[in-house]
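Colleague: Numbering (the UniProt record's numbering), first residue to last: 1 to 241.
Beta carbons: idealized from backbone N, C-alpha and C, even for Gly.
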Amino acid sequence: MSMYEDECVICKQTTLGVTGWDDVIIGRQLVLAPWEGEGETIEGNLHFACVQSWSHKDAFFNELAAAYTGAPDATITLRDRHSGELTSVPRPTSESYEPVCTGPGLLILAQPEEKRWTAIDADWGWIRLDHREAARIAADDRSPVEGGFARLSLDRDLPLEATEWSVGELLDHLDLEPRYPGLRTTPGVSMELYFKAPEKSRHAVRLALDVPLLVPDRVRAYFMQLLADEGPDAFKLVLPD
Ligand SMILES: [Zn+2]
1 MSMYEDECVI CKQTTLGVTG WDDVIIGRQL VLAPWEGEGE TIEGNLHFAC VQSWSHKDAF
61 FNELAAAYTG APDATITLRD RHSGELTSVP RPTSESYEPV CTGPGLLILA QPEEKRWTAI
121 DADWGWIRLD HREAARIAAD DRSPVEGGFA RLSLDRDLPL EATEWSVGEL LDHLDLEPRY
181 PGLRTTPGVS MELYFKAPEK SRHAVRLALD VPLLVPDRVR AYFMQLLADE GPDAFKLVLP
241 D
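(1) Sorry if obvious, but does the Cβ on Q13 come closer than 7 Å to a heavy atom of ligand 1?
(2) With 16 as the cutoff for other CB atoms within 10 Å, does H47 come out buried or exposed?
(3) With a CB to CB cut of under 7 Å and the five nearest residues on each side skipped, what residues in its chain are close to S143?
(4) Report the option in R136, K196 and V100 whose CA atom is closest to the CA atom of D157.
(5) Comparing alpha-carbon positions, which option in R116, Q52 and L207 lies nearest W165?
(6) Pick from R28, Y180, I120 and A110: whose alpha carbon is nearest that of I76?
(7) Taking the alpha helix (DSSP H) that D58 belongs to, which residues open and close that run?
(8) At the level of alpha carbons, what is the spacing between M3 and L78?
(9) Between C8, K12, Q13 and G17, which has its C-alpha nearest G148's C-alpha?
(10) The alpha helix (DSSP H) with H173 in it runs from where to where?
(11) Roughly how many angstroms lie between the CA atoms of M1 and R218, to the nearest whole one?
(12) Judging by CA-CA distance, which residue of W35, A139 and E146 is the nearest neighbour of W54?
(13) Buried or exposed: where does Y68 fall if 16 or more other Cβ atoms within 10 Å of its Cβ makes it buried?
(14) Measuring only the C-alpha atoms, how far is D22 from L239?
(15) If I follow the unbroken alpha helix (DSSP H) through E230, where does it start and stop?
(16) Kindly indicate which residue of P159, Q52 and E113 has the alpha-carbon position closest to the one of P198.
(17) Quick check: the Cα distance between T163 and L170, rounded to an integer number of angstroms?
(18) With distances taken Cα to Cα, identify the nearest neighbour of residue 242 among L193, V215, L214 and P216.
(19) Indicate, with yes or no, if ligand 1 has a heavy atom lying under 7 Å from the CB of H47.
(20) Run through DSSP, which three-state label would R128 get?
(21) Hey, quick one: how far does the beta strand (DSSP E) through Q13 stretch, first residue to last?
(22) Which residues mark the beginning and the end of the beta strand (DSSP E) in which A204 is found?
(23) Just checking R156 against ligand 1 - is the residue's beta carbon closer than 7 Å to any of the ligand's heavy atoms?
(24) From H203 to S153, what distance separates their C-alpha atoms?
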């Protein structure tokens, strides 16, 4: 673990947790990182902008897709962090996901029972959607979605007036503009920032960003077609009795 848990694996700068611009790979997804050596995995936050210019981009997206589909191998080799020994384990998530749309660099997976989807677009990044979010995309609803407050540990202190800042001012102060291209000019984006304890620390903040759900056109097209084919029921969650 690095000093700042909110930092990007690639550039080591802060990630703000903005849907469509960054996301986290969690350890139990077991996404392999063959560029790090046999049996290694990748875990942590990633700016999509960093992934796009990364030398391991193609290998990363192949492994991310493989973690969801289980292909080509349902069993993978992992290196034990302590002993260094290699062991074979089954992929954890492959059974619950069903590929529903594929194309060059595109994979959309569904969990039909839970009405959840994951879309991976190698020219962009990836997104995990619940039934409400998928319905918004199908309806081409680009109004901002409430982000909810996330606790972030920034890599530097902010001035007290940061609670009044716009997203653009925050990106400028943190030198993050290149990591979040287009975020400041996206219509409807708004930000609320609070210090956890400003008298003690001005880099521990609670940050909420309301951002529209923006996805690549071909991802949006899949959900619009699903709505056209199956109607609103495609996005209705049926709870078990
Ligand atoms: Zn980065």
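Modeller: On the basis of the coordinates in this document:
(1) As a working mapping, residue 13 is identified with position 13 in the sequence shown. True, at least one ligand heavy atom lies under 7 Å from that Cβ.
(2) Residue mapping note: residue 47 aligns to position 47 of the sequence shown, counting from 1. Answer is buried; the Cβ neighbour count reaches 16.
(3) One-based indexing of the sequence shown puts residue 143 at position 143. These residues qualify, in order along the chain: G188 and P212.
(4) The residue you call residue 157 lines up with position 157 of the sequence shown. Of R136, K196 and V100, the residue nearest in Cα terms is K196.
(5) Here the question's residue 165 lines up with position 165 in the sequence shown. The option with the nearest alpha carbon to W165 is L207.
(6) Here residue 76 refers to the residue found at position 76 when the sequence shown is read from its first residue. Per the Cα distances, R28.
(7) Within the sequence shown, numbered from 1, the residue matching residue 58 stands at position 58. For D58, the enclosing alpha helix (DSSP H) starts and ends at K57 to T69.
(8) By one-based count along the sequence shown, residue 3 stands at place 3. By one-based count along the sequence shown, residue 78 stands at place 78. Its pLDDT being 45, under 50, M3 is placed unreliably by the model, and the measurement read from it follows with that caveat. M3 and L78: Cα-Cα distance of roughly 25 Å.
(9) Position 148 of the sequence shown holds residue 148. Measuring from the Cα of G148, the nearest candidate turns out to be G17.
(10) In the sequence shown, residue 173 corresponds to position 173, counting from 1. Element bounds for H173: V167 to H173.
(11) Within the sequence shown, residue 1 is the residue found at index 1, counting from 1. Within the sequence shown, residue 218 is the residue found at index 218, counting from 1. Legend: pLDDT at M1 = 36, less than 50; position of this residue unreliable, value from coordinates given subsequently. Approximately 36 Å, taken between the alpha carbons.
(12) The sequence position of residue 54 within the sequence shown is 54, counting from 1. Checking every option, the nearest Cα to that of W54 belongs to W35.
(13) By 1-based counting over the sequence shown, the position of residue 68 is 68. Classified as buried, Y68 has 16 or more neighbouring CB atoms from the shown chains inside 10 Å of its CB.
(14) If you number the sequence shown from 1, residue 22 lands on position 22. If you number the sequence shown from 1, residue 239 lands on position 239. Roughly 31 Å separates the two Cα atoms.
(15) The sequence position of residue 230 within the sequence shown is 230, counting from 1. Its alpha helix (DSSP H) spans residues D217 to E230.
(16) Translated into positions along the sequence shown, residue 198 becomes position 198. If we check each option's Cα against that of P198, P159 comes out closest.
(17) Residue mapping note: residue 163 aligns to position 163 of the sequence shown, counting from 1. Residue mapping note: residue 170 aligns to position 170 of the sequence shown, counting from 1. Looking at the two C-alpha atoms, the distance is approximately 10 Å.
(18) The question about residue 242 has no answer, for the chain in this structure spans 1 to 241.
(19) In the sequence shown, residue 47 corresponds to position 47, counting from 1. Checking the Cβ of H47 against ligand 1 gives yes.
(20) The sequence position of residue 128 within the sequence shown is 128, counting from 1. Correct three-state label for R128: strand.
(21) Translated into positions along the sequence shown, residue 13 becomes position 13. No beta strand (DSSP E) holds Q13; DSSP gives it neither H nor E.
(22) For the purposes of this step, residue 204 is identified with residue 204 of the sequence shown, where counting begins at 1. From DSSP, the beta strand (DSSP E) with A204 extends over S201 to P212.
(23) Numbered from its first residue, the sequence shown carries residue 156 at position 156. Flag unset: Cβ of R156 not near ligand 1.
(24) On the sequence shown, residue 203 is found 203 positions in, with the first residue counted as 1. On the sequence shown, residue 153 is found 153 positions in, with the first residue counted as 1. Each residue's alpha carbon lies about 6 Å from the other.
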